[in-house]
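Residue numbering for the sequence shown follows my numbering, beginning at 79 and increasing consecutively. A short write-up of the structure that comes next.
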Amino acid sequence: TKSKTIAGLPAAFTALGKNGWLALFITVLFVAFAHVLLSRTLWGRWLYALGHNAQAARISGVPHDKALTLAYGASGVGAAAAAILYTGRLETGSPVLGQRLLLDVIGAAVIGGTSLFGGRGKIVWTLFGVLFLTLIDNTLNLNNASHFTIMMVKGAVILLAALLDVWRTR
């Protein structure tokens with residue numbers, strides 16, 4: 079497509095993103111499934127161990143390559159599901175569509191308590207981080223704040239959460 083936007087997507091495809099209840103159901107289902115995988119399976123323990131100290135995890139017998147391959151595969155499935163819902167919601171496709179979401183995605187994880195240094199974090203708390211950032215975004219939008227003001231406030235909140243993480247891990 080030479081980085082050009084694609085419009086005129088089929089109605090069945092855009093219905094996935096336009097139906098708010100379906101998107102909410104898929105999101106809750108994905109979060110619940112990921113929570114069970116990360117908190118109740120051996121693979122989840124492997125991932126936390128690798129995130130905390132990869133060398134110690136290898137010495138302990140964690141299959142490094144297998145665990146990381148599964149993690150990247152699961153991440154790809156999650157990214158694909160989110161991209162389908164987001165593209166359907168906007169009724170357009172573009173290779174740069176998600177660039178403006180990068181700060182929100184990383185910020186939600188950090189605000190939710192995921193450590194920037196690895197090995198700690200819960201997906202349910204990340205969901206609360208998403209809700210908190212959405213609350214900030216909507217509140218500032220309703221008060222007619224400029225895009226730059228909204229980004230500065232979000233950045234300050236994310237920076238505060240990151241500083242609290244550093245302070246907490248000392």
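Backbone N, C-alpha and C fix where the C-beta goes; we use that ideal spot for every residue, glycine too.
Q: Taking F210 as part of the alpha helix (DSSP H), name the residues at either end of that continuous run.
A: I201 to L220
Q.
Considering Cα atoms alone, identify which of V202, Y164, G154 and R246 is closest to F195.
A. For the set V202, Y164, G154 and R246, the Cα lying nearest the Cα of F195 is the one of R246.
Q | Length of the line joining the Cα atoms of A93 and V109 | A | 22 Å
**Q.** Counted within 10 angstroms of its Cβ, other Cβ atoms place L213 as buried (16 or more) or exposed
**A.** Result: exposed.
Q. DSSP state of T165, grouped into three classes?
A. helix
(Q) Taking the alpha-carbon of T192 as reference, which of A239, V174 and A152 has the nearest alpha-carbon? (A) A239
Q: Answer yes if the stretch 175-189 comes into contact with the stretch 210-224, meaning at least three C-beta pairs across the two stretches below 8 Å, and no otherwise.
A: Under the three-pair Cβ rule at 8 Å, the stretch 210-224 counts as touching the stretch 175-189.
Q: Check the C-beta distance from L128 over to V140 and give it rounded, since I have them as a contact under 8 Å.
A: 6 Å
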